[in-house]
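Quick note on numbering: this note's numbering labels position 292 of the sequence shown as 314, and the sequence is numbered without any gaps. Backbone N, C-alpha and C define an ideal beta-carbon position, used for all residues, glycine too.
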Amino acid sequence: MRLPLEETLVVLGEGRKIIITAHVNPDGDAIGSCLALSRYLENQGKETVVLIDDEVPKGFMLLPGADKIAAPEEGRSYEADLLVVLDSSLDRIGKVAEAVKAQVLNIDHHHTNDGQAERLYLDGERAATAEIIYQLLEMAGAAFDKEMAMALYTGLATDTGFFRFSNTNPLTMRAAARMLEAGAEPHVISESLEQRPYSHVKGLADALQHIEVWHGGRAAGAFLSYEVMEGIESTEGLIDMLRVIEGVEIVVVMKYKEADKARVSLRSKGIDVSAVALKFGGGGHVKAAGCGIEKPFGEAKSLLQQAIDQALSPTDPAEAVKESGEEK
Ligand code: AMP
Ligand code: MN
Ligand code: MN
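Shown next as structure tokens:
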């Protein structure tokens, strides 16, 4: 059931013990939204736990409370009044889905959200889930402290490419300005997120050896097989290097994850890549999407390239992936 914002606040107010989660492979929006909501609810005298079924990348450890984010323990069952799922639909929260016994409240900004949650607040117009959390807390008359401000600013900044992408809107800027007033330090956040080991930067140079363009230069990708991934610590930042290639409309990074499983990130300048990701059971936004493909690497690569070709040159109008000038 889709809830209005007011109802969402009421539901949050009813729970006493609240578990908060977000998608696996968590990004700044997932982590920042969880931490800010947790902090607010704790200030309201509630007991909260942030459970994310994955590692928190090192760069986010500067956020207060990030060190307390835990993955669900094997075989343990968690009881709570409410499970709040942020920045994700219920199928992308890993083991948290089975481990937690509670009513579910889902808050998200992905228009591809599958709507499976009993209660869902979804606003695809918002640049980040952090923007929705800001609206909620603002409506609640919350006193934003530095901890919340750092967390929400991180979510706003990371989902908008530090306020550069087309999803950046007046509310993003208002929310960010409010977070600065409440003590957020943008340079501290961006410096922490930018830091990477020497070996990672060297690894990126290797990954760049494996980029290719196709479809008359309208598509570019880095296809990183098992052999290549062995020498690369992280591909963070690689997709942004591809985005700048002149003439390119869709870019993709596909990397070997495990046997018969590849992880895909897609970006575009306007063609709907969430429709491409949806074909493989993933999702996202018009200009930024992702999915996993459970196929041998070579097969996954050709299926993905075909889907991208189809998006770039739709032949069957019924199948046509719609072109859109909007981000979300
Ligand atoms: P990423 O390439 O991981 O930065 O993801 C780009 C966008 O697509 C983000 O908004 C993600 O939340 C979303 N996304 C990535 N993978 C998936 C997936 N498997 N299912 C749904 N949405 C996804
Ligand atoms: Mn996210
Ligand atoms: Mn997000």
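Bridge partners - residue i, DSSP secondary structure assignment
{"i": "Glu13", "result": "Outside the shown range of the chain, which is 23 to 350, sits residue 13, and nothing can be said about it."}
{"i": "Phe245", "result": "Met276"}
{"i": "Ala310", "result": "Arg289"}
{"i": "Thr70", "result": "Ile40"}
{"i": "Val235", "result": "Ala242"}
{"i": "Arg24", "result": "Leu142"}
{"i": "Asp130", "result": "Leu144"}
{"i": "Gly305", "result": "Gly312"}
{"i": "Val107", "result": "Thr43, Asn128"}
{"i": "Ala22", "result": "Because the chain is modelled from 23 through 350, residue 22 falls outside the range shown and cannot be assessed."}
{"i": "Ala92", "result": "Leu73"}
Nearest residue (CA-CA) to residue i, options the options
{"i": "Ala173", "options": "Arg200, Asn189, His131", "result": "Arg200"}
{"i": "Ala333", "options": "Val308, Glu169, Ile315", "result": "Val308"}
{"i": "Ala58", "options": "Ala311, Gly205, Gly314, Ala171", "result": "Ala171"}
{"i": "Ala102", "options": "Ala119, Arg240, Thr194", "result": "Ala119"}
{"i": "Leu142", "options": "Arg148, Ala206, Leu108", "result": "Leu108"}
{"i": "Lys68", "options": "Ile40, Glu28, Leu84", "result": "Ile40"}
{"i": "Glu258", "options": "Arg218, Phe319, Arg24, Gln66", "result": "Arg218"}
{"i": "Val250", "options": "Asn189, Ile233, Leu178", "result": "Ile233"}
{"i": "Glu36", "options": "Ile91, Ser111, Ala124", "result": "Ala124"}
{"i": "Tyr278", "options": "Phe319, Gly253, Gly239", "result": "Phe319"}
{"i": "Ala162", "options": "Ala52, Gln66, Gly225", "result": "Gln66"}
{"i": "Pro208", "options": "Leu85, Ala52, Pro26", "result": "Leu85"}
{"i": "Glu147", "options": "Gly137, Glu160, His131", "result": "His131"}
{"i": "Asp136", "options": "Pro336, Ser296, Thr337, Glu321", "result": "Ser296"}
{"i": "Met83", "options": "Thr70, Pro48, Leu104", "result": "Pro48"}
{"i": "Glu28", "options": "Met263, Glu169, Glu160", "result": "Glu160"}
{"i": "Ser335", "options": "Val71, Gly269, Lys224, His237", "result": "His237"}
{"i": "Val71", "options": "Pro94, Pro79, Val78", "result": "Pro94"}
{"i": "Val106", "options": "Pro79, Ala197, Arg38", "result": "Arg38"}
{"i": "Met23", "options": "Leu127, Asn191, Ser110", "result": "Leu127"}
{"i": "Ser110", "options": "Cys313, Gln328, Glu321", "result": "Cys313"}
{"i": "Arg265", "options": "Leu25, Phe187, Glu169", "result": "Phe187"}
{"i": "Ser247", "options": "Leu25, Glu321, Met263", "result": "Glu321"}
Contact check, residue i vs residue j, beta carbons under 8 Å
{"i": "Asp167", "j": "Ile154", "result": "no"}
{"i": "Ser221", "j": "Ile261", "result": "no"}
{"i": "Leu158", "j": "Thr43", "result": "no"}
{"i": "Ser256", "j": "Gly81", "result": "no"}
{"i": "Thr182", "j": "Ser55", "result": "no"}
{"i": "Thr176", "j": "Ile211", "result": "yes"}
{"i": "Val298", "j": "Ile330", "result": "yes"}
{"i": "Leu63", "j": "Leu34", "result": "yes"}
{"i": "Asp76", "j": "Val46", "result": "yes"}
{"i": "Tyr100", "j": "Val122", "result": "yes"}
{"i": "Met276", "j": "Leu202", "result": "no"}
{"i": "Glu50", "j": "Thr180", "result": "According to the sequence displayed, residue 50 carries Gly and not Glu. Cβ atoms of Gly50 and Thr180: closer than 8 Å."}
{"i": "Val273", "j": "Ala311", "result": "no"}
{"i": "Ile315", "j": "Ala281", "result": "no"}
{"i": "Ala149", "j": "Asn189", "result": "yes"}
{"i": "Arg61", "j": "Gly87", "result": "yes"}
{"i": "Arg240", "j": "Glu216", "result": "no"}
{"i": "Phe245", "j": "Lys317", "result": "no"}
{"i": "Thr225", "j": "Gly205", "result": "In the sequence under discussion, the amino acid at residue 225 is Gly, which differs from the Thr named in the question. Contact flag unset, no."}
{"i": "Thr194", "j": "Phe185", "result": "yes"}
{"i": "Ala198", "j": "Leu178", "result": "yes"}
{"i": "Val32", "j": "Ile53", "result": "no"}
Residue i: CB within 7 Å of a non-hydrogen atom of ligand 5
{"i": "Asp145", "result": "By its list of ligands, the structure shown excludes ligand 5, since it contains just ligand 1, ligand 2 and ligand 3."}
Does the count of Cβ pairs from the stretch 109-117 and the stretch 281-298 closer than 8 Å reach three?
no
Please confirm if the stretch 297-306 is in contact with the stretch 225-232, defined as three or more CB-CB distances below 8 Å between the two stretches.
no
Counting only runs that start and end within the stretch 177-220, where is the beta strand (DSSP E) found for 3 or more residues in a row?
none
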